[in-house]
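In what follows, a single structure is set out as structure tokens and then discussed.
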Amino acid sequence: IILQELQNVFKSGLFRVYTNTDVIGCELGGVLKNIIAIAVGMGDGQGAGDNTRSALITRGLAEVTRLGVAMGGRLETFSGLAGIGDMIATCTSPQSRNRHVGVELGKGRDMQDIIDEMVMVAEGAKSAPAVLALSDKYGVEMPIARDVYRVLSGDASASRAFRGLLRVEAGAESEPG
Numbered sequence: 002i003i004l005q006e007l008q009n010v011f012k013s014g015l016f017r018v019y020t021n022t023d024v025i026g027c028e029l030g031g032v033l034k035n036i037i038a039i040a041v042g043m044g045d046g047q048g049a050g051d052n053t054r055s056a057l058i059t060r061g062l063a064e065v066t067r068l069g070v071a072m073g074g075r076l077e078t079f080s081g082l083a084g085i086g087d088m089i090a091t092c093t094s095p096q097s098r099n100r101h102v103g104v105e106l107g108k109g110r111d112m113q114d115i116i117d118e119m120v121m122v123a124e125g126a127k128s129a130p131a132v133l134a135l136s137d138k139y140g141v142e143m144p145i146a147r148d149v150y151r152v153l154s155g156d157a158s159a160s161r162a163f164r165g166l167l168r169v170e171a172g173a174e175s176e177p178g
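Numbers given in our numbering equal positions in the sequence shown, counted from 1, plus 1.
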């Protein structure tokens, strides 16, 4: 009853509200998509095309889903608004702070310079170390998140990490990489 009441409070003619009781999946989807948006931005900053962006979002969703399910989230949450819906918006919007960080990194800018000029926080830059710790704890491979972290921590340039992502040997679509 409470969910329905809240749904009615927030809905409007232009805004539809859907309910989801998967707190773990919704929380993880909201955090993890930011790292994927940085990766997509790095590609955009280097002039990658729509197909590359689409592949990164798709493979990023696979990473997010694997970790989310391993941590107790429901699979269907990641194919809904709290998963792919939010990820598409964050990875493609010109207003996305995380995508902006990636674009600037892709252009070769220094991470500290990017942070210094931002008014708001790009959450993906802050959460990447914790996400990789969770990835290790749950035994989930996350090559995109790992390469984003390498760039954020200064261990690799965006162009080197991005080229590395494109060189990962392709296997079955259900596998990491």
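Backbone N, C-alpha and C define an ideal beta-carbon position, used for all residues, glycine too.
From a predicted model like this one, the values you see are computed outputs, not experimental measurements.
Contact check for Thr78 against Gly48 fails: the beta carbons are separated by 8 Å or more.
With a cut-off of 8 Å on Cβ pairs, the stretch 95-107 is in contact with the stretch 28-42, counting three or more such pairs. Judged by DSSP secondary structure, Asn35 falls within the alpha helix (DSSP H) whose first and last residues are 24-46. The three-state reading of DSSP puts Gln96 in coil, since its state is none of H, G, I, E or B. In the structure shown, the three-state DSSP call for Gly125 is helix. By a beta-carbon distance limit of 8 Å, Leu106 does not contact Gly50. Their separation comes to about 18 Å. Between Ile25 and Met88, the gap from beta carbon to beta carbon reaches 8 Å or more. Taking 8 Å as the upper bound for CB-CB distance, Ser128 and Val32 are in contact here, some 5 Å apart. Per DSSP, the unbroken alpha helix (DSSP H) holding Val152 starts and ends at 144-153.
Under the Cβ criterion (8 Å, minimum of three pairs), the stretch 119-137 counts as touching the stretch 148-162. For Ala71, the uninterrupted alpha helix (DSSP H) run begins and ends at 51-71, by DSSP. In terms of Cβ geometry, Gln5 and Val18 do not form a close pair [threshold 8 Å].
Rounded to whole angstroms, the gap between the alpha carbons of Val104 and Ile2 is 43 Å. Between Ala146 and Ser160 a beta carbon distance of about 18 Å is seen, past the 8 Å cut, so the two are scored as non-contacting.
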